[in-house]
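Asker: Once you know that position 87 of the sequence shown is 89 in the numbering used here, the rest is easy, because the numbers rise by one and skip nothing. Glycine included, C-beta positions come from ideal geometry on N, C-alpha and C. Have a look at the structure that comes next, please.
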Amino acid sequence: MLQIKNLTVKALDKIILEDFSLELNDGEIHALMGQNGAGKSTIAKVLMRDKNYKVVKGSILLNHEDLLKMDTTEVARLGVFLVGQNPVEIEGVSNAEMLRTTLNDQKKNDLNILEFNKELTHLCEKLEIPSSFIHRDINYNMSGGEKKKNELLHMWMLKPHFLILDEIDSGLDVDALKLVGNSIKEYIEEYHPMVLIITHQKTLLDIVKPDKVHVLNHKKIVQSGDYLLAEKIFKEGFSGASIIDRGSLDA
Ligand SMILES: Nc1ncnc2c1ncn2[C@@H]1O[C@H](COP(=O)(O)OP(=O)(O)OP(=O)(O)O)[C@@H](O)[C@H]1O
Ligand SMILES: [Mg+2]
3 MLQIKNLTVK
13 ALDKIILEDF
23 SLELNDGEIH
33 ALMGQNGAGK
43 STIAKVLMRD
53 KNYKVVKGSI
63 LLNHEDLLKM
73 DTTEVARLGV
83 FLVGQNPVEI
93 EGVSNAEMLR
103 TTLNDQKKND
113 LNILEFNKEL
123 THLCEKLEIP
133 SSFIHRDINY
143 NMSGGEKKKN
153 ELLHMWMLKP
163 HFLILDEIDS
173 GLDVDALKLV
183 GNSIKEYIEE
193 YHPMVLIITH
203 QKTLLDIVKP
213 DKVHVLNHKK
223 IVQSGDYLLA
233 EKIFKEGFSG
243 ASIIDRGSLD
253 A
């Protein structure tokens, strides 16, 4: 489980989150919504221990362990996996190399290479990406939508316990959006991870029904509810639904 308590986060001397609290139990799916610039990606990056974000107050416990004492590698080893809003391109490291190394690290050297190749080929078919992607550099020169699918390839191979999806649905065509949504749903049904979905769109939440929905504004969660809260926002907007005052974002 994840327990974020009264978190204050700074970047470049600007306070981005203040008194931010959020709790996820094992196997729960939560959606985080909020206007542009509210701080949604910031919390995702803080969870991955991005050094650009300084936690000046508060605590984060992951399965009762102090996440703020860990670095990115340690967090990843605990099975935390972020699909970022803009997945990073890593020139010179192929998908296969990264996955083989990481799986070897996870399994302590008993990886069967034939099984590994078979699994990757099968996943490429399922995700409707060419099998040549296996040997392409991570996200390098891939289109926006291809990057999102490539990240899902990593997810299926690495089998994380805590999935953070930061606008995985942005930039996808209608067919790709359905495919990506269904792939995530299938993964959740098979492995029951804890999931934090950051999104502005309805389609993904319609496929992967969240247990709880939160709205971020004024640097903290201002409202929480079930899926009905998301439906209300999609219908009426944040200000229309009286969740956020018009022009309420701090400078
Ligand atoms: N490294 C940083 N340095 C300075 N300011 C930052 C940094 N990262 C984020 N910010 C600022 O913090 C605020 C929150 O950014 P963030 O990316 O978390 O928003 P968001 O809720 O994800 O928005 P969007 O819906 O547009 O993706 C913005 O005003 C942004 O400019
Ligand atoms: Mg963002």
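Anything with a beta carbon under 6 Å from a heavy atom of ligand 1 counts; list them all in chain order.
Answerer: Answer in sequence order: Ala-13, Leu-14, Lys-16, Ile-18, Gly-36, Asn-38, Gly-39, Ala-40, Gly-41, Lys-42, Ser-43, Thr-44, Asn-54, Gln-87.
Asker: So is Asn-152 buried or exposed if we call it buried at 16+ other beta carbons inside 10 Å?
Answerer: Its Cβ being crowded by 16 or more others within 10 Å, Asn-152 is buried.
Asker: Alpha carbon to alpha carbon, what distance is there between Leu-101 and Leu-160?
Answerer: Distance between the alpha carbons of Leu-160 and Leu-101 is about 8 Å.
Asker: Which residue comes first and which comes last in the beta strand (DSSP E) that contains Phe-22?
Answerer: Where Phe-22 is concerned, the enclosing beta strand (DSSP E) stretches over 16 to 26.
Asker: So, with DSSP's three-state summary, where would you put Leu-174?
Answerer: Coil at Leu-174, not helix or strand.
Asker: Return yes when the Cβ of Ala-46 is within less than 8 Å of the Cβ of Leu-84, no when it is not.
Answerer: Yes; because the gap between Cβ atoms is below 8 Å, this pair is in contact.
Asker: Ile-199: buried (16+ other C-beta within 10 angstroms of its C-beta) or exposed?
Answerer: Buried, because 16 or more other Cβ atoms sit within 10 Å of the Cβ of Ile-199.
Asker: Run through the segment 169 to 246 for me and flag every whole alpha helix (DSSP H) of 4 or more residues, listed as ranges in chain order.
Answerer: The segment 169 to 246 contains these whole alpha helix (DSSP H) runs: 176 to 193, 204 to 209, 229 to 242.
Asker: How is the alpha helix (DSSP H) around Leu-105 delimited, first residue to last?
Answerer: Counting along the chain, the alpha helix (DSSP H) containing Leu-105 begins and ends at 97 to 109.
Asker: Quick one: is the Cβ of Glu-117 within less than 7 Å of any heavy atom of ligand 2?
Answerer: False, no ligand heavy atom lies under 7 Å from that Cβ.
Asker: Tell me which residue opens and which closes the beta strand (DSSP E) that Asn-8 is part of.
Answerer: 4 to 13 is the extent of the beta strand (DSSP E) around Asn-8.
Asker: Run through the segment 39 to 68 for me and flag every whole alpha helix (DSSP H) of 4 or more residues, listed as ranges in chain order.
Answerer: Complete alpha helix (DSSP H) runs here, min 4: 42 to 49.
Asker: What is the DSSP secondary structure of Met-144, counted as helix, strand or coil?
Answerer: Correct three-state label for Met-144: coil.
Asker: Nearest to Leu-24 by alpha carbon, out of Lys-16, Ile-6, Ile-31, Gly-36?
Answerer: The option with the nearest alpha carbon to Leu-24 is Ile-6.
Asker: Which value, in whole angstroms, describes the spacing of the CA atoms of Ile-62 and Thr-10?
Answerer: Approximately 11 Å between the Cα atoms of the pair.
Asker: Under 8 Å between the Cβ atoms of Asp-139 and Val-95?
Answerer: Against a cut-off of 8 Å, the Cβ pair of Val-95 and Asp-139 comes out as a contact.
Asker: Tell me whether Arg-51 is buried or exposed, calling it buried when 16 or more other Cβ atoms sit within 10 Å of its Cβ.
Answerer: It is buried - the Cβ of Arg-51 has at least 16 other Cβ atoms within 10 Å.
Asker: Counting C-beta neighbours from all protein chains within 10 Å, is the total for Val-210 16 or more, i.e. buried, or is it exposed?
Answerer: Classification for Val-210: buried.
Asker: Hey, is the segment 71 to 84 in contact with the segment 130 to 144, meaning 3+ C-beta pairs nearer than 8 Å?
Answerer: Contact fails: fewer than three Cβ-Cβ distances are below 8 Å.
Asker: Could you have a look at Val-90 and say whether DSSP puts it in helix, strand or coil?
Answerer: Note: Val-90 maps to coil in three-state DSSP.
Asker: Can the beta-carbon of Ile-170 be found closer than 8 Å to that of Lys-150?
Answerer: Yes, the pair counts as a contact, with Cβ atoms nearer than the cut-off.
Asker: Taking the alpha-carbon positions, what's the Leu-231 to Lys-109 distance?
Answerer: Cα-Cα distance, rounded: 41 Å.
Asker: Would you decide whether Leu-122 is buried or exposed? Buried here means 16 or more other CB atoms lie within 10 Å of its CB.
Answerer: By the 10 Å Cβ count, Leu-122 comes out buried.
Asker: Only counting the same chain, and skipping five residues up and downstream in sequence, which positions put a Cβ closer than 7 Å to that of Trp-158?
Answerer: Here the set comprises Leu-125, Tyr-189.
Asker: Just curious, the alpha helix (DSSP H) that Phe-118 is in, first and last residue?
Answerer: From DSSP, the alpha helix (DSSP H) with Phe-118 extends over 115 to 128.
Asker: Do you know how far the Cα of Lys-71 is from the Cα of Asn-184?
Answerer: C-alpha separation (whole angstroms): 35 Å.
Asker: Identify the residues that DSSP records as bridge partners of Ile-83: which are they?
Answerer: Reading off the sequence, residue 83 comes out as Phe, not Ile. BP columns for Phe-83 point to Leu-165.
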